[in-house]
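The block underneath contains the structure these notes are about, expressed in structure tokens.
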Amino acid sequence: MTPESQTPLKPVELLILSMLSAGERHGYGIRQDIIDHTNGAIALEAGNLYRTIRRLEADAIVEESGRRAAADSDDERRRYYRLTPFGKRVLAAELERLRALVRLGEQRRIIAPLAARRA
Amino acid sequence: MSVPGERLVRALLALYPREFRARYAADMLDFYRERVRNDGMLRTWFAAVPDLVANALAERFAWLHHEAECAPVVARMHTRYREEHMSILVQDVRYALRSMRRRPSFTAVVLLTLALGIGANSAIFTVVNATILRPLPFADPPRIVDFTHEDPYSSVSEPEFWDYERGVAGLEKLAAYSTPSIVLDGGDGDPLRTYTARVSRDFFDIVGVKPMLGRTFTPDEFSPSTHARVTVLGHRLWVQQFGADPRIIGKTVQITGTPFTVIGVMPAAFTFPDVEASLWTPWRMNPDSLWTRNNHYLRLVGRIAPSSSLAQVRAQVRTLDTRWMHDFPETYSPDKPLTGTVQPIADYLLGPTRPFLLALLGAVGLILLIASVNVANLLLVRGEARRKEVAIRAALGASRSRIMRQLMTESMLFAAFGALLGVAVAWVGTGVLVDLAPGDLPRIDQVSVDLRVVLFTIAITMLTGVAFGLLPALRMRRGDSADALRDGGKTSGHVASGAARRTLVVAEITLAVMILTGAGLLVRSLIQLRAMDLGFDPDGVMTLQVTLPRGKYNDTTAALFIDQLVSRTRSLPGVTSASAVDNLPISGSDNGWSIMIDGVVVKTIAEAPSARPEVVTPEYFRTMQTRMVRGRGFTPLDRAGAPFVAVVSEGLARTLWPGVDPIGHTLKMFGAQSPWTTIVGVVRDVKLRGLQKDIPGTMYFPYAQSGQSAYVTPTSMTLVARTNGDPTALAPQMRRIVRSLDGSAAISRVTPMRAVVGDSIASRRFTTLLLAGFAALALALAGIGIYGVVSYGVSQRTYEIGVRVAMGASAASIARLVMREAAGMTVIGLALGVAGALVADRLIRSMLVDVSAGDPLTLVSVVLLLAVVAATACALPARRAAAVNPTAALRND
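Just so you know, the sequences run in chain order A and B.
Going by our numbering, the letters in the first sequence line up with residues 115 to 233, in that order.
Going by our numbering, the letters in the second sequence line up with residues 11 to 903, in that order.
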């Protein structure tokens, strides 16, 4: 199975993978990262989040990295997730795909090229 | 640490598929707790509840459709879960197969019972399906109606048809048909006598069936002025006579001497109005020269208008009939009312067969029930033996549902194997049925296995599996494992399951009584029919129908031909007498003709009495051995030119000349031209049409005079010859005589008279034979059932019996003990069975002849028969019980 065969990803999947690219996270952590990144525009709820994780796990894009007690609390062991090596390649493939689209948008003057903006 | 609302979240999590929950529920709960801590209860709830519910449904849906794939961990879990389920099934099946193999004779008995039960049902259903369940080969059959008149008219005349066509608004279209006999020129081969369906203009539009080849008739071809002679062939004729020639369209066939162009061929399924009618020709009705109103010979078929209904059509027909009775008093007399009968075409075509086939279906259904009961019984008995095994499994931690499941798997497996064997039985059985089936069973040639038959077989297999598996499984499940282990599965639950087995035996006897009574009543009816006085002796008589080519003979030459034919036949070795008749008894029609008798003045035809004419040659009554009551039969002297004579039946004599000797009186056909004929003899009544129909008053005319005294000289006569030997052996010689006299005369219906009689009750004989077979099967199964239960009971009670014997009980009292139990079951079963039979046999009342549905003789015989079988079935175990050796019995336990 090639990474490309897993693309295009759903927006939620892309967000989750992007957050996990920084390192392992538990479910609630992923939600917090996404809220931070999108300035609160997107806040995942448990059902949606874990359903997506179930799918990503099934496709071997993310995996469980272990269980640890929550920092702030008693004895609650929670699962942490991380990207698999294959998952990293899927994310890369998806980003490449998006980059090509961004290029296209630049050429067609829908958005200004980065270089031009910087200038 | 828990937070508020956790319980509700848990509840919502229960909505998720089990596999999903196992993996993520704890984390999701944790997620929720953190969320409540950070964002507060209300806000969390507002977002979380819809999210949890919506995703649960989505997830369920994904699992349901196997779209969900699982992560390696989840997958393993899931696989394990599924494997567990699958492996339970596989385990159960393997286990069941093993235990089947371990008891080959038990398995064989169960499978054989089921195979017979399921096979018989499938076979009968296959026939029922093809003949009465499959839709008729018409377009929208429910709207098509058959339309005719009740007796004494029993058909429709041309002016009536003409008026109905215009006067019944509820009928979109109406067509008339008749089926005259024709002779088809065989080319190189022999001429073929057959029938054509002569149909009016809208016939093919009404039935809505497209021809397989070519076309049907155009309106022009019905015009009285057309010179086109066209015909549409039936499939069978096309295959048999024309070798299924695909280029038949446009070719010419000779129908009774006239060339007709073939314009179409109908599909095989379409044999309306009659299987015997092998082709269709247009009836070019000329409204300006219709036959008289009292000349009834047509049957009608119509299509109900979309805006109308059967009830409306019937009401409109009634109105017309009443008006005509008033308008045409010279045609319809008040004591012979004109009553149109309109019925759905299915009732007309399938009605007579339906009760017979449904009775058969009901009987095989009961057989299957008995078979199921027997198998349930066997399983119960074996279940007793397996109590210990089940108890051990339960003690080792098998759940009740798990045990139940395993037992049901076994039952279903038995049913499935039984069904496989049953299909083989059905396959053979259907073939036998079709071979045995009488030719007049509609669509019997189209019997085949279709989806409906397959579904039926699957359905009855499942039902049977559940029926015989459920009770034993329930019993087994309820058993207390500790008890079973303690006393070695010998006595615990014995009383309860003994009661269940006895109930099954009672049910078996009840069902057997019902089937036996039904079969008994039908057998008695058949005996009554066979013993019925026919008015002639069919044994030793050979018959052969000869049809003279039209136009080639006049009255004189025809008489000469028939005379030579009869006298040459009479000189054949072994033939004691020979004669000829235009309508053979039993198979004849019942067309009455209006007549006049001396001394009675009739003003209109409506007032005229009617009688059925029969044209015969001398020695006819001697050949058929119809006894002359008075006077004489015909002799060669009663020829053309001699005084006109007639012979009447006893029935006609009684009606027309009550209390008076009819000999010397005169009668004539209605109409000025017909000559008066003098009655010279009276003969016994003869069954002219079917065995169960009334005998119409009959008048006989000599063939040589029939051209004048009976309107016309028949061109089609049936040669009858009585012999000392085997009548069928005469057939080749009789054929040869016809051929040598005239090669262009058509020969048909070469049949011994006994077979003509037999064929008329073929459907009934077929049903009765089958039902009797089923009844025998039911009896055998019931006997086996009783034997099984009693014998098992004895083996279970060996210890008890041993104690009794040790205490001084005599062998006779032990045998009585065993017999008493069986007698109890039998009496209850018999009582219920008789009650059931009294109710159920009402359903077959319409098929009974001279026997009432509650016929005491039949019921008593059935009860005695079953009592004997029951007594025999428990005599053996009773003897064994009586022979129990107390020391051995007590030592063993």
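Where is the CB? At the ideal position from N, CA and C, for every residue including glycine.
Whether residue i touches residue j by CB criterion (9 Å)
i, j, result
"B:Pro712", "B:Pro628", "yes"
"B:Leu842", "B:Ile519", "yes"
"B:Lys183", "B:Asp230", "no"
"B:Thr440", "B:Val137", "yes"
"B:Ala568", "B:Val193", "no"
"B:Thr204", "B:Ser288", "yes"
"A:Gly141", "A:Ala160", "yes"
"B:Val670", "B:Gly691", "no"
"B:Ala821", "B:Val815", "yes"
"B:Ser343", "B:Ala149", "no"
"B:Thr527", "B:Leu791", "no"
"B:Met222", "B:Pro277", "yes"
"B:Thr141", "B:Arg453", "yes"
"B:Leu787", "B:Ala386", "no"
"B:Ala881", "B:Leu827", "no"
"B:Leu582", "B:Ile854", "no"
"B:Gly372", "B:Leu126", "no"
One or two residues paired with residue i in a DSSP bridge
i, result
"B:Pro269", "B:Gln264"
"B:Arg453", "Paired residues: none, contrary to the question."
"B:Ile605", "B:Met679"
"B:Phe711", "B:Val625"
"B:Met110", "The partner list for B:Met110 (beta bridge, DSSP) is empty, contrary to what the question assumes."
"A:Glu62", "As displayed, chain A neither begins before 115 nor continues past 233, which places residue 62 of chain A out of reach and without an answer."
"B:Arg309", "B:Tyr187"
"B:Ser232", "The sequence given here places Phe at residue 232 of chain B; Ser does not occur at that position. Paired residues: none, contrary to the question."
"B:Leu243", "B:Val275 and B:Leu289"
"B:Tyr205", "B:Ser191 and B:Ala287"
"B:Gly641", "B:Gly691"
Separation of residue j from residue i, as counted between CA atoms
i, j, result
"B:Arg257", "B:Arg364", "39 Å"
"B:Asn734", "B:Ile794", "48 Å"
"B:Thr262", "B:Ile273", "9 Å"
"B:Leu666", "B:Ser758", "36 Å"
"B:Ala731", "B:Met709", "22 Å"
"B:Pro887", "B:Leu146", "55 Å"
"B:Gly260", "B:Ser862", "58 Å"
"B:Glu44", "A:Glu177", "22 Å"
"B:Ala429", "B:Leu443", "19 Å"
"B:Pro742", "B:Ala877", "53 Å"
"B:Thr268", "B:Gly561", "11 Å"
"B:Ala106", "B:Pro548", "60 Å"
"B:Leu390", "B:Ala118", "16 Å"
"B:His88", "A:Ala174", "Residue placement at B:His88 is poorly supported in this model, since its pLDDT is 45, which falls under 50; the coordinates are not used for a value here."
"B:Ser684", "B:Thr281", "39 Å"
"B:Ser319", "B:Arg208", "28 Å"
"B:Ala57", "A:Arg145", "13 Å"
Integer-rounded CB distance, given that residue j should sit under 8 Å from residue i
i, j, result
"B:Glu69", "B:Phe30", "6 Å"
"B:Val859", "B:Gln574", "So it is not a contact: roughly 42 Å between Cβ atoms."
"B:Ala883", "B:Val800", "7 Å"
"A:Arg168", "B:Tyr34", "7 Å"
"B:Gly545", "B:Val696", "3 Å"
"B:Ser659", "B:Thr687", "With a Cβ gap of about 15 Å, B:Ser659 and B:Thr687 do not count as contacting."
"B:Thr645", "B:Ala588", "That belief does not hold up - the Cβ atoms of B:Thr645 and B:Ala588 are roughly 15 Å apart, past 8 Å."
CA nearest to the CA of residue i, picked from the options
i, options, result
"B:Ala49", "B:Arg246, B:Pro14, B:Ser577 and B:Val119", "The sequence given here places Asp at residue 49 of chain B; Ala does not occur at that position. Per the Cα distances, B:Pro14."
"B:Ala832", "B:Glu160, B:Gly528, B:Leu853 and B:Arg512", "B:Arg512"
"B:Val327", "B:Leu310, B:Pro316, B:Thr553 and B:Thr474", "B:Leu310"
"B:Asp592", "B:Ser726, B:Val610, B:Arg534 and B:Thr241", "B:Ser726"
"B:Asp61", "B:Phe784, B:Leu25, B:Leu647 and B:Ala32", "B:Leu25"
"B:Ala469", "B:Ala898, B:Met829 and B:Ser132", "B:Ser132"
"B:Phe232", "B:Thr266, B:Asn296 and B:Ala179", "B:Asn296"
"B:Gln806", "B:His237, B:Ala899 and B:Val533", "B:Ala899"
"B:Val873", "B:Asn895, B:Asp865, B:Gly846 and B:Leu840", "B:Leu840"
"B:Arg388", "B:Leu124, B:Val63 and B:Ala739", "Checking the displayed sequence, the identity of residue 388 of chain B turns out to be Leu instead of Arg. Checked all of B:Leu124, B:Val63 and B:Ala739; the closest Cα to B:Leu388 is B:Leu124."
"B:Ala9", "B:Asp200, B:Glu168, B:Gly199 and B:Asp195", "The structure shown does not extend to residue 9 of chain B, since chain B spans only 11 to 903, so no value can be given for it."
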